[in-house]
Amino acid sequence: MTIELGLMLAGMLMIGFLAQWLAWRVKLPAILFLLLAGIVLGPVSGVLDPDKLLGNLLFPMVSLSVALILFEGSLTLRFHELPGIGHVVRGLVSYGAVTALLLLALAAHLVAGLTWPIALLFGALACVTGPTVNAPMLRTLRPNVRIANTLRWEGIVIDPLGALFAVLIYEAIVSRQEGHTIGIFLATISCGAVIGSLSAWLTAFLLRRQLIPEYLHNYAVLAAVLLAFSVSNALTHESGLLAVTIMGIALGNIRGVHIDDILDFKESLTTVLVSLLFILLAARLHWPLPDGMLGAGIALFVIAQLVVRPLTVAISSFGSGLNWRERTLIGWVAPRGIVAASVSALFALRLGALGVAGAEALVPLIFILIIGTVVLQSATARPLAIWLKVAEPEPRGLLIFGSDEVARALGKVLSEAGFHVMLADDDWDGIRRARMDGLATFFGNPASPHAERHLDLTGIGRLLAVSTHRERNSLACVHYREEFGRDKVYRLRNLTPQENTDRVALSDYLLAPPLFDEEMTHGRFAQMLEQGWRVKSTKLSATFDWPHFVEQYGSNSVLMFGVEEKGALRVASTKRELEPKPGWTVIALVPPQPLAV
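So the numbering used here is basically just the index in the sequence shown, starting at one, shifted up by 30.
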């Protein structure tokens, strides 16, 4: 039995990885492939029976996994960012979310025949989108900046808030089912809030005072989250989910605590947990579904897609600066994701054990809604955006990995040439200087899971990896060549061809072509800037063409970029030698003292 259990868990890990990899390749939310994998393994083929496989461990495993998922999602909510997210997003995550919750609950009560408590719980779960499903869709959708920012911020903010709504309604249902008074319900809420707040404060205190070595930060936070969940549940029944949600929100907003590494670790751990969890949960579905359940699920999906979402967006965007085309697309895009699937399954397990009527319908209805919204919106959102004329044209912007003087010099000249430029790096001093130069920045590694959620790539279609870290440049090239295409990813050498080993040189060449010329490296570029070389942008004409430019500024000038008359950017690299033509704007690195004509 041990070997069989171990083999099954290892196989699930591999299937989960393949589902995540496939989602990355086709730029669709991974939850879709994970759910389909679980359905094939469970109700379709009968290979996987989670209840038989895990027995009494199933509920604790699901509970602890959901606790970590909710904590990781709550950790991303920043109160100081809320005032800047705009009128529409504030509406969507406040009175818009409440409106959606009530309308979905009404539909579930009338269409699926759910009791009001379960219908309200369905509404709370079904009104939540999230960055894990929004981000992949935005990459293929490529709407204009206002739409992209609205959808991105809605997913980030409503993820923890929606989870909080669902947990509170769940607590009310459990208290009523177990005959608790309103006082016990309030005590449960208070206990979860107090345990969560105290856990966040104590964790932040230990981290700020450096009482925990850095290599144990992730371990400590993981243990603290699970301990807070378990202790809160022990003190007051079913308050643990509220405790970890409050803990994540509080810890994410305490000043002076560096949580980026913790967040990266939690995101990586969540990826593993989500992969296992959704395969297990989907495998528990019974097929065929109970009579009328499939039809009710499809009807609820249609109502959510065609009635509730457009109406919610219309109410939330009333009086905003969005035009009707932008509101139409936002009203079409609202894929459901991790919170809805994981929390619904956990609640269904617990409520089913308590004998709550209708709890068994929660998971199939939510899963039908998830699959329906992801499939339909992934297939139709981009054509709809093009038809509405709110899709971004071919992305012309550049993501520059690095923030030192070389990256800033490139960023400034490209920005002055009219291109959208984003500098990304985890060097705070360099990012601060870039912001002072008026450049858009992202503080963090652009190839990290954190960047997957928070780095806005709207309008960006090229990568220039110019950081001082050769290995990180390579990772960024690998990450973004699938995102932008192999011909849109470039790197600035850190070593000359003579310093590279044959193996390193070959691997570097396969990753991305080196920028500019054979001898240009990051160190040489920085040294030339220190010696007074400057980046020069000049528009060529019939009377002042490229040979005239070289004659005036010197034959050792380094051509870096060319901007065609229609605005297309050409990048000089070892694979593509540019031949500037009259009408182009050339960007070159020129010596400090131009030669006399």
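Even glycine gets a Cβ: it sits at the ideal position worked out from N, Cα and C.
Per DSSP, which one or two residues make a beta bridge with residue i?
i           : result
residue 619 : 565 and 588
residue 599 : 593
residue 492 : 428
residue 544 : 521
Secondary structure at residue i, three-state DSSP: helix, strand or coil?
i           : result
residue 330 : helix
residue 677 : Residue numbering for the chain in the displayed model covers 31 to 627; residue 677 lies beyond these limits and cannot be assessed.
residue 36  : helix
residue 96  : helix
residue 452 : strand
residue 173 : strand
residue 471 : strand
residue 421 : strand
residue 366 : coil
residue 57  : coil
residue 604 : coil
residue 478 : coil
residue 281 : helix
residue 434 : coil
residue 117 : helix
residue 440 : helix
residue 167 : helix
residue 242 : coil
residue 614 : coil
residue 318 : coil
residue 353 : coil
residue 537 : Unreliable positioning characterises residue 537 in this predicted model, as indicated by a pLDDT of 49, which lies under 50. The coordinate reading is nonetheless provided below. Three-state result, residue 537: helix.
Contact defined as beta carbons within less than 8 Å: I believe residue i pairs with residue j. What is the distance between those atoms, to the nearest angstrom?
i           : j           : result
residue 475 : residue 500 : Contact flag wrong, Cβ pair sits at about 14 Å.
residue 384 : residue 207 : 5 Å
residue 543 : residue 605 : 4 Å
residue 234 : residue 284 : 4 Å
residue 555 : residue 436 : 5 Å
residue 403 : residue 426 : Going by Cβ atoms, the distance from residue 403 to residue 426 rounds to 31 Å, so no, they are not a contact pair.
residue 182 : residue 198 : Not confirmed; about 26 Å, so no contact.
residue 185 : residue 145 : Not quite, the Cβ-Cβ distance comes to about 30 Å (not below 8 Å), so this is no contact.
residue 96  : residue 271 : 7 Å
Report the rounded CA-to-CA distance for residue i versus residue j, giving the unit in angstroms.
i           : j           : result
residue 580 : residue 591 : 15 Å
residue 563 : residue 486 : 33 Å
residue 202 : residue 222 : 13 Å
residue 342 : residue 275 : 25 Å
residue 191 : residue 123 : 8 Å
residue 219 : residue 130 : 24 Å
residue 189 : residue 196 : 11 Å
residue 536 : residue 56  : Residue placement at residue 536 cannot be trusted, given a pLDDT of 48 that sits under 50; the coordinates are not used to answer.
residue 29  : residue 41  : No information on residue 29 is available, as it lies outside the stretch 31 to 627 that the chain covers here.
residue 449 : residue 281 : 37 Å
residue 571 : residue 305 : 58 Å
residue 477 : residue 100 : 23 Å
residue 386 : residue 174 : 46 Å
residue 375 : residue 480 : 26 Å
residue 311 : residue 85  : 14 Å
residue 318 : residue 438 : 60 Å
residue 227 : residue 484 : 25 Å
residue 288 : residue 246 : 14 Å
residue 422 : residue 178 : 10 Å
residue 36  : residue 217 : 41 Å
residue 491 : residue 62  : 26 Å
Answer yes or no: do residue i and residue j have a C-beta to C-beta separation smaller than 8 Å?
i           : j           : result
residue 67  : residue 60  : no
residue 496 : residue 470 : no
residue 392 : residue 151 : yes
residue 547 : residue 588 : yes
residue 94  : residue 278 : no
residue 381 : residue 389 : yes
residue 409 : residue 363 : no
residue 566 : residue 583 : yes
residue 137 : residue 336 : no
residue 155 : residue 300 : no
residue 332 : residue 103 : no
residue 327 : residue 395 : yes
residue 372 : residue 440 : no
residue 314 : residue 81  : yes
residue 347 : residue 357 : yes
residue 433 : residue 461 : yes
residue 180 : residue 116 : yes
residue 593 : residue 615 : yes
residue 242 : residue 250 : yes
residue 200 : residue 377 : yes
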